[in-house]
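Under our numbering, the first residue of the sequence shown carries the number 643, and numbering increases by one thereafter. To start, the structure under review is shown below, and the notes come after it.
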Amino acid sequence: MPWSVTSGIVESILLHGLCLALQVPPNMFLVHVHIALHLYNVLLQYGLAAVSRSFTYGEAMVIAQGMTFLTLDAALFTLHQGSWLRPSSYPVPQRDGIAIIVQVGLVLTMLLLPLLCTPLFHTYGTSTPRIVRPTLPAAPTAHFAGLLVIVAIVFIVWTSFLLHMPLWKWVVDTLLVPSKVGVAAYWLGVLAVAVPCCPIVATRFKLRQIVARKLYHVMVVLLFLPVSFVDVGQLLLYNLPGTSLSFQL
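Given below as structure tokens:
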């Protein structure tokens, strides 16, 4: 049944009755549970309608669940960092800078940016990759660039507030250290060798396309597996652009 205000009220009554019947402990905040339920339904209902050809219903359910908890947790952590929640009543766990950057980045690029760009996608996009659309005209291109700037400004302001320092200072203090620079240099080295070698190997041994693609899978393993034993945080941070971009595509 499609979600509506009426069905939302019915769901709230049923949820509250279920919590009372199960004698949910008092440290589980029912308000948050109700907010999560309705946010999930709104994201699923209107998100799937906006990009109906991009996901199956099951995929949309999984994404809506993940975005619900990610967004709600980011909102609670923001209120906590601003001292707008009493720590004794709302024990929000602390997190490091990388976790903050990744969480805010995912919320903005997987929720806010698609929301802002949906009208452009509907007007100039295509329902299948087999149809090649012409390059965007100047006006919508400028519109899209403006939306990116808005999201970037929100990201900088939000993360700086949560980190209690300017974002650029956090980047300098956290990423410009020998260990992380070494990881970045390793990645550049692997890419410099593997990217030109993969098509050469595929051509030399006349590999079929489905087999040749496995060479790039090996390259990804070489990129990420060693780093997972050295610095998981940096791995998560550098995976953020790829995750966000793949979601947009």
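Here a beta-carbon is modelled for each residue, glycine too, at the ideal position from N, C-alpha and C.
- Inter-residue distance for Met752 and Gln745 is about 10 Å (C-alpha atoms, whole angstroms).
- Contact check between the segment 828-845 and the segment 862-878: three or more CB pairs, one atom from each, fall below 8 Å, which counts as touching.
- When DSSP states are grouped into helix, strand and coil, Leu664 belongs to the coil group.
- Spanning the alpha carbons of Met703 and His680 requires a straight line of approximately 13 Å.
- Taking the C-beta atoms as reference points, Leu714 is found nearer than 8 Å to His674.
- Contact check between the segment 783-792 and the segment 810-822: fewer than three CB pairs, one atom from each, fall below 8 Å, which does not count as touching.
- With a cutoff of 8 Å on beta-carbon distance, Thr648 and Ala678 are scored as not near each other.
- Across the set Phe719, Pro808, Ile795, Ile742, the C-alpha of Phe719 shows the shortest separation from the C-alpha of Pro733.
- Taking 4 residues as the minimum length, the alpha helix (DSSP H) runs contained wholly in the segment 732-791 are 739-749, 755-766, in order along the chain.
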